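Chemist: These protein sequences, in sequence, are chains C and H. Note that the first sequence covers residues 23 to 908 in this note's numbering. Note that the second sequence covers residues 23 to 908 in this note's numbering. Here it is, the structure, as structure tokens.
2 protein chains.
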Amino acid sequence: MARSARKYVYFFGNGKADGSGKMKDLLGGKGAGLANMTNLKIPVPAGFTITTEACNSYFENRKKYPPGMWEQVLVNLKKVETSMGMKFGDAKNPLLVSVRSGSKFSMPGMMDTILNLGLNDTTLKALADKAGDRFAFDTYRRLITMFGSTAMGINRQLFEKALERMKEERGVRLDTDLTTDDLRKLVGTFKGIYEKETGKGFPADPLQQLKLAINAVFSSWFSDRAVTYRKLNNIAHDLGTACNVQAMVFGNMGENSGTGVGFTRDPSTGQKKFFAEYLTNAQGEDVVAGIRTPLHIDELKKAQPAVYRELETIYRKLETHYKDMLDIEFTVQAGRLYMLQTRVGKRTAAASLKIAIDMVQEKLIDKKTAVMRIDPVQLEWLMHPSFDPKAKVQVIGKGLPASPGAAVGKVVFLAEDAEAWAARGEKVVLVRTETSPEDIGGMHAAQGILTARGGMTSHAAVVARGMGKCCVAGCTALHIDEGTKVMTLGSRVLKEGDFITLNGTSGEVILGQVPLVPADLSGDFHLILKWADEIRELGVRANADTPADARMAIKFGAEGIGLVRTEHMFFEGDRVQAVREMILADDTEGRKKALAKILPMQREDFIGIFEVMNGLPVTIRLLDPPLHEFLPKTREELEDIARDLGVPFQKLQARNKMLHEFNPMLGHRGCRLGITYPEIFEMQVQAIMEAACHVVKRKVKAIPEIMIPLIADVNELRVMREMTVRIAEEVQKRTKVRVRYEVGTMIEIARAALLAHEIAPQADFYSFGTNDLTQTTYGLSRDDAGRFLPYYVEKGIFEHDPFITIDQKGVGMLMRMAIDSSRKIKKGMKMGICGEQVDPQSVEFCYEIGLTYVSGSPFRLPVARLAAAQATLKRKMKKGMSKASV
Amino acid sequence: MARSARKYVYFFGNGKADGSGKMKDLLGGKGAGLANMTNLKIPVPAGFTITTEACNSYFENRKKYPPGMWEQVLVNLKKVETSMGMKFGDAKNPLLVSVRSGSKFSMPGMMDTILNLGLNDTTLKALADKAGDRFAFDTYRRLITMFGSTAMGINRQLFEKALERMKEERGVRLDTDLTTDDLRKLVGTFKGIYEKETGKGFPADPLQQLKLAINAVFSSWFSDRAVTYRKLNNIAHDLGTACNVQAMVFGNMGENSGTGVGFTRDPSTGQKKFFAEYLTNAQGEDVVAGIRTPLHIDELKKAQPAVYRELETIYRKLETHYKDMLDIEFTVQAGRLYMLQTRVGKRTAAASLKIAIDMVQEKLIDKKTAVMRIDPVQLEWLMHPSFDPKAKVQVIGKGLPASPGAAVGKVVFLAEDAEAWAARGEKVVLVRTETSPEDIGGMHAAQGILTARGGMTSHAAVVARGMGKCCVAGCTALHIDEGTKVMTLGSRVLKEGDFITLNGTSGEVILGQVPLVPADLSGDFHLILKWADEIRELGVRANADTPADARMAIKFGAEGIGLVRTEHMFFEGDRVQAVREMILADDTEGRKKALAKILPMQREDFIGIFEVMNGLPVTIRLLDPPLHEFLPKTREELEDIARDLGVPFQKLQARNKMLHEFNPMLGHRGCRLGITYPEIFEMQVQAIMEAACHVVKRKVKAIPEIMIPLIADVNELRVMREMTVRIAEEVQKRTKVRVRYEVGTMIEIARAALLAHEIAPQADFYSFGTNDLTQTTYGLSRDDAGRFLPYYVEKGIFEHDPFITIDQKGVGMLMRMAIDSSRKIKKGMKMGICGEQVDPQSVEFCYEIGLTYVSGSPFRLPVARLAAAQATLKRKMKKGMSKASV
């Protein structure tokens, strides 16, 4: 062994480890945990970790160990022998070892463990002498199975079948019912299988066994399932895996032996209570195999109080050290406790909250750490009823997880039916090919919405998220026959009134009624958000269209309204009739007459919102959609309207045809309407300003921010700004009230982002409309993307659905360009985002690029507040680190 | 006068001028021309020019002359007096002067001239002594009219009406029938009008007259019509106007006096023949007023041969000096010739060509100059029949000038009718609400196409331009009733068979038949393009979908095909049936079966094109439109197809509904189809490569460039490239032929342009699809823009229609980013453009940003070739200038 060789092997044992808990990169998660426990003087069977560097070098060097590695293995094996007082391959007192992989990130099921290495016909005897024949042969056959299948690639079924045959022959049901003789024979059979499959005998040389096991661990890094797992989880392929070689301890050496697993606190509720299970005289794999049912840890307390006390001391020590709830594994061998593994434990959203808050109160962690501990996505789950995790479900289809939560109800196909059934107390799920504004009432009445068409930002999805209601959209396999009131999904045919369950978090459509656990927004929920608010620097606003929405927004912590969509107001009740009158008017005068009817209604809307938001800014977007959206689509509906309005059907039809657009998304809408029909926007500005002046007189502080949509060129904004200022000044003069108002624009068209430096002088603020910006940047209609976007995401062609998470590379580049070029002209210019992407990643990105606030539907604000706080903390940590490294 | 004052006044006279012909900035066009002629020893009445600087200073200084200017005027006025041997305001030998504006660029009608300044009751007598009482009073009343209306803003009608009244009183028809006494009285009346309107008497002081006239000239620079004219013609407002003060000469002083205008060559044909008219004993304004009909210049030759010879010498001298055809004005005063103006003459497209080429042969100019002289837009007019300029037309509507040229024919409303009527020898104009691929046959058969809907790149527009056929699109006032076969346009109702005329260059729809002059592509046309080709550095390709198109492309000078749209092939004849079979197939196998029917047809298409383009590259775009475009829209048509294909109507209807898209432009098309239905693109690549291998065997050189449409992310291109290479290699292996092929992509989505540096490694070439890139960058559907885009352009909200001329600021920024970032990775990477914008401005831009080639419809190639040559020359001139300035 060359003295100058790199250190590839890290020993742990006897209360001292070469490595430490921080060396996850080099030793993997498991190796770092073992080193850490050892250093904490916690009893851990001695062993050593071969580094991830060695693994990478192995692959770079055509599957040869790097120079010196094997020699270091041998040296450290000796140390293990010394520590355990046993010798590897020794005929009298043989050391057995386990070999396990362990990479930086947990990759469950990447590779099976190989236990009991070092056993051969010679050492078998010594083991039998110590622990009995039955134990020895049972251990041996397990080794051959694991080694043969894992290290040599023999089909595991061959061993399993031989075992089954033996049990049949003996007429027994359980492995444990086999006799020592049976097991001895089985070992012979297994050796035969091994030889037949590999062409060689089972290696008697323990060092040979060890080498092959190490090779198998290394090779498992590039196994198909490991590569796939890493792709799916965005883990780099060049991390490599470490290999942990550790002395075996046995929990199956009698009644004072046993094995256990546990959590330091309750992973379901977060209660501060040791939550563990124990199995006497058993090995870990028996628990996993479900052969025996583990007992409550109190059984250990009763049977071996000293061991239990030691375990208690240890888990408390570990919690204090890791400052988190832990998942632990341990073995008791003949009355002696060994810790085998520790790691941060998985938990439910509720437990996550409780543990974090408890630990702050216990002064284990500070508030910042608590805030960093909560997964914002998990937080969202808390806001919706969830499935009983014990329920068995039958999934019959899948769509897009358009709005999270769960919904159970009877299938109805028409919005009217949803309202009628709900009115008589039935729970219903509204199933539609797609929804339209006329369905709003039915959507409100339903528990959840399922649509066959439309993407994450289709009408159904947007409205459902706004309502905080579960929605599965774009379930393309779904066919609906409204006539016969029947839906077909896969091979299932459901009729009106049949029960169905939706999982809006996964997009699954489930047959029948799945029991639900109601949402519980505890004090913990609000406390953690309070802490988050103390930390975050990014503002959080809500998209809200009504006073009710606005109240919800305040409830969930909005600091203003980032988007009032005035068109939603146009659809309500009798208003749509006045809107249609306006559309059908032949000239400006006719339009103005119809608009005069809408004006007082719009004014009332704004008065209501201003009153709720007293003192907080309200960004109001002027009319955005093309006019034809306010006309119905079928001939029958058109005929109805013609009758209601008293206009000839032909005229209505002609106007409808004239308004038709091939690509409404790219059509005559937003400021293009405002420029060609200025009277519409003028009415809206008048309504906003009259409302503001009205409430100001009543001591309510109104802060309107008037927002012009769909700007592609500064000239459009210039014209619209002039109009807005003119009307606003007129109203103030008339009412003799001054109101602080601003005029800004959406940045939702690529060209506006590119030329933002030209637009900035005309805008008091920007709001990035990332839905439309994503649509135009990608040339992708969100309503039509359902046919290929899911496939794209599944195949990794797109990293994310850009309508869920902002595309940082493309759309984000435009946002950065717009922000930087505009702030060069207007330092500190106010800029927000009002698209639908308020997932944690997008929120962090918005903070990184310097936005003033994010705005989303009220129900998504908690996530945004938490994510914004985490983004601030992450930046501080980075700064701290870069300072530290200076 | 301060000695150090700036020089504001430039004298010309006595064969020497202070200024020169190059000083257009300072002296304006007219002033520079007068200085130039003076320096050339050409007889010009003496005068001086007050500079544009003085004008600008006048405005900067609250309408005060800059210090020293007026003094310089007085000094130079003295020089004029000396030169002409007369004195301004002198009672015996009075000098009269004219005052005219003259800016750098000709601004016709910006301001009227004031003639005869210097006349008052005193000088009047001297004039009467010299030229008779009648002449003197006539001159005086003209002065009062011009001065009063132009300098003092009196309504000219007041003078005109007084004149009319006098003629009525006297019972005469013509001004010239009035007696001296009548005119004397009229002068009195006019002075009365002047005093009543201005509150002051007509200024008797000649210097006061001069000062007010100069002020009027300066002020005219910011008159409403001048400002509007400059806006419309992109002329800067800070250029200012010069003011020319010049001694009057009189062509109405007897039979040996006269006035004339002319062109040094024929402005209609370009023939090298003096083309002028002369009027004896008359002033220029008499010619303009149309009171007397001018005679052929030969009359002058007969009457005053010496003067004629001098004129001949002068115009030849001028042509040699200016090296261009000139427009001249002259006056003969008592047998003495004076030149009053010279400038480059306006001419027809044909004349422009002939003159440029003749002058090269005369060695007056070189080929480069000739190429620079031709306006590419004018060149295009030569390619289409044009209106007889003498015809009177009745315009009844206006649409977009979608495809240039003129068309006369009978109105038909259905494509079938167009074909049937044309087959029996009728000329028809196809009038449709919009066209679709099914109308192609009818469009071919028609003289021109008129649509009510769609923009510059609507189906009708694109196809018509491709055919070189006249089209007026988006005539929104047009209503068609296909049922009764009647169209309404404005107040006109036309029925099938009525005659209509379209002007595709102006967008006008004209009632009845306007006589046309056929297109004449003379040798001159091809010669100038040959010269352009020798100069230009930018490649020129054609968009062509068939062998016939390809032949047309070669005829018009294409160096390759920049875009074969394979979808057009899918529409033809029986193919669409196979395509529909494919669309209706339930699975990949079914689709493959249908595709197998299309394969041999596609292969034949490509064989045909490769054979025509032998040795030239052919860029073939794989299927671009969404599949639903291949299904018809009406229930009746769907029923027909169901019958033809033998599928249940319900199934067809369901599939049609499923394929429906809200925004097809942003839908499931291009590479998104290729990725989700790989078999379609595979078939196309196979057809291309089999065709290429086939022709190579027959010694035809095929250079296929396979182009993937609608890339938004490099991963899409990676998948498509792998597929293409796999199929291409397969075909080559099978056929044992090697073909040089390339795989590239369209850059037509904003995101692809933004992330081009990621895409470049996967692409052998780019083609900018500026139609779609414009649509996505602006968020603007070209098919729907007709409702507001014309308004936007008219109001100056958008500088241009970005579908006609590339938006250099926004779309151009994306193009520059893509080009620069990609060429950093792939130096000299081949990049072209295949959008519809091949107007001269866009061609120059493409050259400036470094594209390899432009590609447009064959009929637009001559324009592109010429514009490309001019772009090269402009750059060289700029370089030359910047070198010279070093």
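Idealized CB from N, CA, C, for every residue including glycine. Remember, predicted model here, so these are calculated numbers, not experimental data.
Does the CB of proline 700 of chain C have a neighbour CB from chain H at under 9 Å?
Modeler: Taking the first residue of the first sequence as position 1, residue 700 of chain C is located at position 678. No, no contact with chain H.
Chemist: Looking at the structure shown, is glutamate 518 of chain H part of a helix, part of a strand, or coil, going by DSSP?
Modeler: Mapped onto the second sequence, residue 518 of chain H falls at position 496. DSSP places glutamate 518 of chain H in coil when its eight states are reduced to three.
Chemist: Return the residue from the list C:Met478, C:Gln469 and C:Ala474 that minimises the CA-CA distance to lysine 491 of chain C.
Modeler: Taking the first residue of the first sequence as 1, we reach residue 491 of chain C at position 469. That would be C:Gln469, whose Cα lies nearest to the Cα of lysine 491 of chain C.
Chemist: Report yes if the C-beta distance between phenylalanine 684 of chain H and aspartate 805 of chain C is below 9 Å; otherwise report no.
Modeler: Here residue 684 of chain H refers to the residue found at position 662 when the second sequence is read from its first residue. Here residue 805 of chain C refers to the residue found at position 783 when the first sequence is read from its first residue. Closer than 9 Å, so yes.
Chemist: Would you identify the three-state DSSP class for arginine 677 of chain H, choosing helix, strand or coil?
Modeler: Here the question's residue 677 of chain H lines up with position 655 in the second sequence. Looking at arginine 677 of chain H - three-state DSSP - the assignment turns out to be helix.
Chemist: Based on the DSSP output, what are the partners of glutamine 400 of chain H in its beta bridges?
Modeler: For this step, residue 400 of chain H is matched to residue 378 along the second sequence. Glutamine 400 of chain H is not bridged to any residue.
Chemist: Within 9 Å of any Cβ in chain H, is that where the Cβ of valine 833 of chain C sits?
Modeler: As a position in the first sequence, residue 833 of chain C is number 811, starting the count at 1. At least one chain H Cβ lies under 9 Å of valine 833 of chain C.
Chemist: Are the region 820-828 of chain C and the region 495-506 of chain C touching, with three or more C-beta to C-beta distances below 8 Å?
Modeler: Taking 8 Å as the limit for Cβ pairs, the verdict is that the region 495-506 of chain C does not touch the region 820-828 of chain C.
Chemist: What residue from H:Asn142, H:Pro647 and H:Phe787 has the CA that sits closest to lysine 852 of chain H's CA?
Modeler: Here the question's residue 852 of chain H lines up with position 830 in the second sequence. Out of H:Asn142, H:Pro647 and H:Phe787, H:Phe787 has the C-alpha closest to the C-alpha of lysine 852 of chain H.
Chemist: In angstroms with no decimal places, state the Cα-to-Cα distance between methionine 45 of chain H and glycine 53 of chain H.
Modeler: Here residue 45 of chain H refers to the residue found at position 23 of the second sequence. Here residue 53 of chain H refers to the residue found at position 31 of the second sequence. Cα to Cα, methionine 45 of chain H sits roughly 8 Å from glycine 53 of chain H.
Chemist: Check the Cβ of methionine 381 of chain H against every Cβ in chain C and list those closer than 9 Å, keeping chain order.
Modeler: Residue 381 of chain H sits at position 359 when you count from the first residue of the second sequence. Simply none; closest approach about 43 Å.
Chemist: So, under 8 Å CB-CB, serine 789 of chain H and methionine 839 of chain H are touching, yes? Tell me the CB distance rounded to an integer number of Å.
Modeler: Stepping through the second sequence from its first residue, residue 789 of chain H is reached at position 767. Stepping through the second sequence from its first residue, residue 839 of chain H is reached at position 817. Actually they are not in contact, since the Cβ atoms of serine 789 of chain H and methionine 839 of chain H sit about 16 Å apart, beyond 8 Å.
Chemist: CA-CA distance, tyrosine 32 of chain H and aspartate 260 of chain H?
Modeler: Here residue 32 of chain H is taken as the residue at index 10 of the second sequence, counted from 1. Here residue 260 of chain H is taken as the residue at index 238 of the second sequence, counted from 1. So the two alpha carbons sit approximately 21 Å from each other.
Chemist: Histidine 259 of chain H touches chain C at which residues, Cβ-Cβ below 7 Å?
Modeler: Here residue 259 of chain H refers to the residue found at position 237 of the second sequence. Ordered by position in chain C, no residue passes the 7 Å Cβ test against histidine 259 of chain H, which lies about 18 Å from the chain.
Chemist: CB-CB under 6 Å to glycine 832 of chain C, same chain, minus the five flanking residues each way: which ones, in chain order?
Modeler: For the purposes of this step, residue 832 of chain C is identified with residue 810 of the first sequence, where counting begins at 1. Thr799, listed in sequence order.
Chemist: Using a Cβ-Cβ cut-off of 9 Å, state whether valine 747 of chain H counts as contacting chain C.
Modeler: Indexing the second sequence from 1 puts residue 747 of chain H at position 725. It does not: the Cβ of valine 747 of chain H has no partner Cβ on chain C nearer than 9 Å.
Chemist: Do you know offhand how far lysine 207 of chain C's Cα is from isoleucine 215 of chain C's?
Modeler: The count along the first sequence starts at 1 and reaches residue 207 of chain C at position 185. The count along the first sequence starts at 1 and reaches residue 215 of chain C at position 193. The alpha-carbon atoms of lysine 207 of chain C and isoleucine 215 of chain C are separated by roughly 13 Å.
Chemist: Just checking my contact of alanine 226 of chain C with aspartate 143 of chain C at CB under 8 Å: how many whole Å lie between their CB atoms?
Modeler: For this step, residue 226 of chain C is matched to residue 204 along the first sequence. For this step, residue 143 of chain C is matched to residue 121 along the first sequence. Going by Cβ atoms, the distance from alanine 226 of chain C to aspartate 143 of chain C rounds to 7 Å, so yes, they are a contact pair.
Chemist: Within the 9 Å Cβ cut-off, does lysine 898 of chain H reach chain C?
Modeler: Residue 898 of chain H sits at position 876 when you count from the first residue of the second sequence. Not an interface residue.
Chemist: Compare the C-beta of tyrosine 814 of chain C with all C-beta atoms of chain H and state if any pair is closer than 9 Å.
Modeler: On the first sequence, residue 814 of chain C is found 792 positions in, with the first residue counted as 1. Closer than 9 Å to some Cβ of chain H, the Cβ of tyrosine 814 of chain C qualifies, so yes.
Chemist: What residues in the region 853-886 of chain H have a beta carbon less than 9 Å from any beta carbon of chain C?
Modeler: Taking 9 Å as the Cβ-Cβ cut-off against chain C, none of the residues of the region 853-886 of chain H qualify.
Chemist: If I follow the unbroken alpha helix (DSSP H) through glutamine 469 of chain C, where does it start and stop?
Modeler: Numbered from its first residue, the first sequence carries residue 469 of chain C at position 447. It is not in any alpha helix (DSSP H) - glutamine 469 of chain C carries neither H nor E in the DSSP assignment.
Chemist: Among C:Ser458, C:Gly857, C:Lys295 and C:Ala709, whose alpha-carbon lies nearest the alpha-carbon of alanine 750 of chain C?
Modeler: Stepping through the first sequence from its first residue, residue 750 of chain C is reached at position 728. When each option's Cα is compared against that of alanine 750 of chain C, the closest is C:Ala709.
Chemist: In whole angstroms, what separates the C-alpha of isoleucine 257 of chain H from that of proline 862 of chain H?
Modeler: Counting from one through the second sequence, the residue named residue 257 of chain H turns up at place 235. Counting from one through the second sequence, the residue named residue 862 of chain H turns up at place 840. Those two C-alpha atoms are separated by around 19 Å.
Chemist: Strictly under 9 Å for the Cβ-Cβ distance: is serine 803 of chain H near chain C by that measure?
Modeler: Here residue 803 of chain H is taken as the residue at index 781 of the second sequence, counted from 1. For serine 803 of chain H, the answer is yes, since a Cβ of chain C falls inside 9 Å of its Cβ.
Chemist: Please report the straight-line C-alpha distance between alanine 664 of chain C and leucine 674 of chain C, rounded to a whole angstrom.
Modeler: In the first sequence, the residue the question calls residue 664 of chain C occupies position 642. In the first sequence, the residue the question calls residue 674 of chain C occupies position 652. So the alpha carbons of these two residues sit roughly 7 Å apart.
Chemist: Beta carbon of proline 228 of chain H, beta carbon of glycine 292 of chain H: below 9 Å?
Modeler: Locating residue 228 of chain H in the second sequence gives position 206, counting from the first residue. Locating residue 292 of chain H in the second sequence gives position 270, counting from the first residue. No, the Cβ-Cβ distance between proline 228 of chain H and glycine 292 of chain H is not below 9 Å.
Chemist: List the residues that DSSP assigns as beta-bridge partners of lysine 852 of chain C.
Modeler: The residue given as residue 852 of chain C occupies position 830 in the first sequence. C:Phe787, per the DSSP bridge assignment.
Chemist: Listing by chain order, which chain C residues have their CB less than 8 Å from the CB of aspartate 794 of chain H?
Modeler: Translated into the one-based positions of the second sequence, residue 794 of chain H becomes position 772. Result: Gly801.
Chemist: Using a Cβ cut-off of 8 Å, which residues of the region 761-776 of chain C contact any Cβ in chain H, in chain order?
Modeler: Cβ contacts with chain H: Glu770, Ile771, Ala772, Arg773 and Leu776.
Chemist: Let's test the definition: count the other Cβ atoms within 10 Å of the Cβ of alanine 24 of chain C and tell me whether it reaches 16, buried, or not, exposed.
Modeler: Counting from 1 along the first sequence, the entry for residue 24 of chain C is found at position 2. Here the model assigns alanine 24 of chain C a pLDDT of 46, short of 50, so the residue's position is not dependable, and the following value carries that caveat. When all chains shown are included, alanine 24 of chain C counts as exposed.
Chemist: Would the region 841-849 of chain C and the region 882-889 of chain C be scored as touching if the rule is three or more Cβ pairs under 8 Å?
Modeler: The region 841-849 of chain C is not in contact with the region 882-889 of chain C.
Chemist: Please list the residues of the region 662-693 of chain H that have a C-beta atom closer than 7 Å to any C-beta atom in chain C, keeping them in chain order.
Modeler: Correct list: Glu683, Phe684, Asn685, Pro686, Met687, Leu688, Gly689 and His690.
Chemist: Residues in the region 732-743 of chain C with C-beta within 9 Å of chain H's C-beta atoms, listed in sequence order?
Modeler: Here the close residues are Leu732, Ala734, Asp735, Asn737, Glu738, Arg740 and Val741.
Chemist: Just the Cα atoms here: how many angstroms apart are alanine 600 of chain C and arginine 475 of chain C?
Modeler: Taking the first sequence and counting its residues from 1, one reaches residue 600 of chain C at position 578. Taking the first sequence and counting its residues from 1, one reaches residue 475 of chain C at position 453. So the alpha carbons of these two residues sit roughly 30 Å apart.
Chemist: Please confirm whether glutamine 624 of chain C and methionine 711 of chain C have their CB atoms less than 9 Å apart.
Modeler: The residue you call residue 624 of chain C lines up with position 602 of the first sequence. The residue you call residue 711 of chain C lines up with position 689 of the first sequence. Not in contact: glutamine 624 of chain C and methionine 711 of chain C (Cβ atoms no closer than 9 Å).
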